[in-house]
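Data block below; observations after.
Residue numbers (this note's numbering), protein chains in the order written: chain R, 182 to 1047; chain L, 2 to 112.
Next up, the structure:
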């Protein structure tokens, strides 16, 4: 019945407390009466009764603690007391609460991002049992290769550890509805895709992807909302996708976004062009394989089996599979990518340091105030409060402070989340879902409590000892304050160095010459329906060049099949080079082969170094020709004029596999990102190679709408998208780095501000404490300069110690982020000295003001005080 | 609730209180103190303040019940008496006490 008693006690609390007091009083009174009866005097009898009882107050407090309600009542009492004591020193409390609010706001914002992006389960059934199999190629080191459908069929038959296998292909195509053409990304799937993902549609049905002619589409929630207004009448309606009329059969729920958030619908694989060829060609890569671990299988077993099956397939079909391997990637790892978890880890680490700095700040303020509150604490413990009781009181105050700080931090966090979502590169999946939801609020509460304990416990223990061992403890708590200050400086230096290195890298990248004109160049993507025959599309691109070129403000216009290849690490070699032995595979390098139309080089201002540009005389009936870049020329013809030399590319090109002749050499441009050196490049003309040249570049003053007018009238299926200034496009490439740099710099600035305030408060306090000593020194004839020097020395020694440790620590930290650095080493002397100088400046300022105050001490007043 | 079968000191106090109430019926805290002092031949002197937390704890565990009554000198006092659960607990504690003292005695004899 114990619980019943407790419950009953809760309901009649004051009676319980009174009853306990009455009971204890009865005991002491009864003992006193007996003592008197035994012949003691009244006073002696009473004293003996109390002594035998032990401390009556102590006993009462221990009894109290057995009653839940009284325990709660103590907390309420402590809280009320804490609030009063926070109000009694508004300046200190405001500084402390603001420190905590800022740091908690930043931490909560970062956590809500981490939560939305990494921690929230992916919206599929048992997502951690789903894996992706990417093909690898040992020859050119590529690690994200597509698997062909025949190979997939073999995998499906052979695997014992995976079930519900599917294969998918990301496709871009024209999407026409009611006559308006658009260009969308979608996925063509084959195998048991929807069964594997385990989500039911919100409307209609999914499709069984192995059905032979499945011109059906399942819409994503996003497309359903934006294009069809969320109407339930979409089922059975038709759309034109990739030139084929397809029927809408279902709508997937919100959040279902595989393989990426850009995927707007799903079709059976049989609905993509050239399916029959892909279905039977073992050498025609289709896409990555997707599978679910069987209930009894482990990831290691799957890995082992993958190895066995891929070796088996290589042995069985050496012609197509000899160099192919397979790499297993868990679904979550695929969706998060490599950089996002790393970026978030760096930011979480940074924000944790900021929080620690804020904690050190508040702990110092509490210690400083604790010394002032000595009187109060001595009185309380003399009145019988136990040591534990005082610690509890002080910790309750800290928790209150932390929770107020945490609550005030929530608006900062909300702002922070909005800023992060706005600033972040688009590549972070599910970032848009970051918000202050219940779990984030719980985290924030938990973090507040943890913070409160962290910065509250040590000072509370220290302060509660003041009553016991006066002098010793005062010096100890000064030591503790100094340690906190040094720690603050250390963390700040680490953050500043990290931010400094990233800023240096950022500007180093900004100052890289991309090798092409970026101002007054518009970039856009122009596409025509893939249902049109390739020569028709080539003719349309040619028309587009003419029409745009005829616009009044346009100086030059061109287009290219692939302009940038940012993440590709694959290496290639040519099949043959005239007058040169064949490359060994070790000599292979990254290489790009692209088709251009119009005046691509002129529009981008890329100078011709040798030979000539393409001209109208280069047609499909003349010798196939190419233009190469400097890197390519250096690689195959070092010191030799490459003009007129013949090459053979990856595939058979030209008539009867003729030599392709080099006619010109152009300057390098950074097509694989500003951070990587230019790669070898070969340019063909669309007149000879029927490849789509969808990336438009226009050197012009004209507006986007002028361009649109010119392209819209070309063909019913023409879609012009993503028109931006070329400079903007380059900035977008740099967006992840800008995001990291900006956020880390922001945290570093916050850290610097907090640490500066911490140093100031600490020095201010030290000066206040030493007022009398300074007064004596000045009375004995110390000069103002000597006093200022003494105080500065006191502070700067600590800052210098922190700086030293911090610089050593930052070497470790910057090694951790070394692959974010560009053209600066982890121990970059310029950054390290700039950080030291900046911190020294702030510290000097923070110390100087209290030092100046010290010189204003009037010796007489100083001696009289205390 | 703390486990205290292993905590000898506390267990001893519990044992004494339970035994006292089992043999003497209804008593108030002061009465228990006096009874233990008297029956132990004044050897065991309680830290009297520590008795009350123990009484409250045992009441909450259901070993004791308490009620307010009127004392010998006509004052309101809280009286404690042992419950069936308390008697069971007492039997357990007595058994383990006997085991312990027996063991200690053997050690003292043979070493």
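Cβ coordinates follow ideal geometry from the N, Cα and C atoms, glycine included.
Chain-ordered chain R contacts of residue 49 (chain L) [CB-CB under 8 angstroms]: Taking the second chain and counting its residues from 1, one reaches residue 49 (chain L) at position 48. Residues of chain R passing the Cβ test: 208, 212, 233, 234, 235.
Beta carbon of residue 908 (chain R) nearer than 8 angstroms to that of residue 699 (chain R): Your numbering for residue 908 (chain R) matches position 727 in the first chain. Your numbering for residue 699 (chain R) matches position 518 in the first chain. A contact, by the Cβ cut-off of 8 angstroms.
Under 7 angstroms by beta carbon: chain R residues contacting residue 87 (chain L): Along the second chain, read from residue 1 onward, the residue named residue 87 (chain L) stands at position 86. Per Cβ cutoff of 7 angstroms: no residues; residue 87 (chain L) is ~12 angstroms from chain R at best.
For a contact defined as C-beta to C-beta under 9 angstroms, what are the partners of residue 205 (chain R) on chain L? As a position in the first chain, residue 205 (chain R) is number 24, starting the count at 1. What residue 205 (chain R) touches in chain L: 30, 50, 53.
CB-CB under 7 angstroms to residue 642 (chain R), same chain, minus the five flanking residues each way: which ones, in chain order? Along the first chain, read from residue 1 onward, the residue named residue 642 (chain R) stands at position 461. Taken in chain order, the residues that qualify are 572.
Flag this pair as touching only if the region 492-499 of chain R and the region 404-411 of chain R have three or more C-beta atom pairs under 8 angstroms; answer yes or no. no
At the level of alpha carbons, what is the spacing between residue 463 (chain R) and residue 434 (chain R)? Indexing the first chain from 1 puts residue 463 (chain R) at position 282. Indexing the first chain from 1 puts residue 434 (chain R) at position 253. Going by the C-alpha atoms only, they are around 35 angstroms apart.
Residue range of the unbroken beta strand (DSSP E) whose run includes residue 326 (chain R): Looking up residue 326 (chain R) in the first chain gives position 145. Note, residue 326 (chain R): beta strand (DSSP E), 323-326.
Using DSSP's beta-bridge definition, name the partner residues of residue 608 (chain R). For the purposes of this step, residue 608 (chain R) is taken as the residue at position 427 of the first chain. Residue 608 (chain R) is not bridged to any residue.
Per DSSP, which one or two residues make a beta bridge with residue 29 (chain L)? As a first step, residue 29 (chain L) is located in the second chain; it is residue number 28 there, counting from the start. L:80, per the DSSP bridge assignment.
Nearest to residue 506 (chain R) (by Cα), restricted to the options R:498, R:358, R:925: One-based indexing of the first chain puts residue 506 (chain R) at position 325. Taking only the C-alpha atoms, the option nearest residue 506 (chain R) is R:498.
Cutoff 8 angstroms: residue 77 (chain L) Cβ touching any chain R Cβ: If you number the second chain from 1, residue 77 (chain L) lands on position 76. Yes, contact with chain R.
Does the region 723-742 of chain R come close enough to the region 873-883 of chain R to have 3 or more Cβ pairs within less than 8 angstroms? yes
Name, in chain order, the residues that DSSP records as bridge partners for residue 715 (chain R). Your numbering for residue 715 (chain R) matches position 534 in the first chain. Per DSSP, none; premise fails for residue 715 (chain R).
What does the alpha-carbon distance come out to for the pair residue 742 (chain R) and residue 863 (chain R)? Here residue 742 (chain R) refers to the residue found at position 561 of the first chain. Here residue 863 (chain R) refers to the residue found at position 682 of the first chain. Near 12 angstroms, if we compare the C-alpha coordinates of residue 863 (chain R) and residue 742 (chain R).
Would you report the Cα separation of residue 476 (chain R) and residue 309 (chain R), rounded to the nearest angstrom? One-based indexing of the first chain puts residue 476 (chain R) at position 295. One-based indexing of the first chain puts residue 309 (chain R) at position 128. Whole-angstrom Cα-Cα distance: 12 angstroms.
Where residue 849 (chain R) sits in the DSSP three-state scheme: Against the first chain, residue 849 (chain R) aligns to sequence position 668. If DSSP states are grouped into helix, strand and coil, residue 849 (chain R) belongs with coil.
Taking 8 angstroms as the threshold, find out whether the region 29-38 of chain L comes into contact with the region 1025-1042 of chain R through three or more Cβ pairs. no
Using the Cα positions of residue 207 (chain R) and residue 82 (chain L), report the straight-line distance between them to the nearest angstrom. For this step, residue 207 (chain R) is matched to residue 26 along the first chain. For this step, residue 82 (chain L) is matched to residue 81 along the second chain. Their Cα atoms are separated by approximately 18 angstroms.
So is residue 96 (chain L) buried or exposed if we call it buried at 16+ other beta carbons inside 10 Å? Reading the second chain from its first residue, position 95 is the one you call residue 96 (chain L). Flag for residue 96 (chain L) reads exposed.
Do you know whose CA, among R:830, R:384, R:902, R:940, lies nearest residue 806 (chain R)'s CA? Working through the first chain from its first residue, we reach residue 806 (chain R) at position 625. For the residues R:830, R:384, R:902, R:940, the minimum Cα distance to residue 806 (chain R) belongs to R:830.
Enclosing alpha helix (DSSP H) for residue 1036 (chain R) [first to last residue]: Taking the first residue of the first chain as position 1, residue 1036 (chain R) is located at position 855. Residues 1010-1036.
What does the Cβ neighbour count give for residue 19 (chain L), buried or exposed, with the cut at 16 atoms within 10 Å? If you number the second chain from 1, residue 19 (chain L) lands on position 18. That one is buried.
For the region 457-473 of chain R against the region 409-422 of chain R, are there 3 or more C-beta pairs whose distance is under 8 angstroms? no
Do residue 752 (chain R) and residue 811 (chain R) come within 8 angstroms of each other at the CB atom, strictly closer than that value? Within the first chain, the letter at position 630 stands for residue 811 (chain R). Within the first chain, the letter at position 571 stands for residue 752 (chain R). Cβ atoms of residue 811 (chain R) and residue 752 (chain R): not closer than 8 angstroms.
Counting pairs of beta carbons, one from the region 278-292 of chain R and one from the region 520-539 of chain R, are three or more of them closer than 8 angstroms? yes
Opening and closing residue of the alpha helix (DSSP H) in which residue 928 (chain R) lies: Within the first chain, numbered from 1, the residue matching residue 928 (chain R) stands at position 747. Unbroken alpha helix (DSSP H) run through residue 928 (chain R): 916-950.
In terms of residues, what are the limits of the beta strand (DSSP E) holding residue 140 (chain R)? The structure shown does not extend to residue 140 (chain R), since chain R is modelled only from 182 to 1047, so the question has no answer here.
Could you check where the beta strand (DSSP E) with residue 1103 (chain R) kicks off and where it finishes? Beyond the ends of chain R as shown, which are 182 and 1047, falls residue 1103 (chain R); an answer cannot be given.
For residue 900 (chain R) and residue 454 (chain R), I'd like the C-alpha separation in whole angstroms. Taking the first residue of the first chain as position 1, residue 900 (chain R) is located at position 719. Taking the first residue of the first chain as position 1, residue 454 (chain R) is located at position 273. The alpha-carbon atoms of residue 900 (chain R) and residue 454 (chain R) are separated by roughly 19 angstroms.
Three-state secondary structure assigned by DSSP to residue 753 (chain R): As a working mapping, residue 753 (chain R) is identified with position 572 in the first chain. In the structure shown, residue 753 (chain R) sits in a strand (DSSP, three-state: E or B).
Look at the alpha carbon of residue 689 (chain R) and the alpha carbon of residue 827 (chain R), and state the distance between them as a whole number of angstroms. For the purposes of this step, residue 689 (chain R) is identified with residue 508 of the first chain, where counting begins at 1. For the purposes of this step, residue 827 (chain R) is identified with residue 646 of the first chain, where counting begins at 1. Distance between the alpha carbons of residue 689 (chain R) and residue 827 (chain R) is about 38 angstroms.
Exposed or buried, which one is residue 1038 (chain R) when buried takes at least 16 other CB atoms within 10 Å? Translated into positions along the first chain, residue 1038 (chain R) becomes position 857. It counts as buried.
If we ignore side chains and look at the alpha-carbon of each, how far apart do residue 460 (chain R) and residue 334 (chain R) end up? Here residue 460 (chain R) is taken as the residue at index 279 of the first chain, counted from 1. Here residue 334 (chain R) is taken as the residue at index 153 of the first chain, counted from 1. Distance between the alpha carbons of residue 460 (chain R) and residue 334 (chain R): 10 angstroms.
Going by CA-CA distance only, name the one from R:954, R:608, R:976 that's closest to residue 914 (chain R). As a first step, residue 914 (chain R) is located in the first chain; it is residue number 733 there, counting from the start. Among R:954, R:608, R:976, the Cα nearest to that of residue 914 (chain R) belongs to R:608.
Are the beta-carbon atoms belonging to residue 846 (chain R) and residue 760 (chain R) less than 8 angstroms from one another? Start at 1 with the first residue of the first chain, and residue 846 (chain R) comes out as number 665. Start at 1 with the first residue of the first chain, and residue 760 (chain R) comes out as number 579. Contact flag unset, no.
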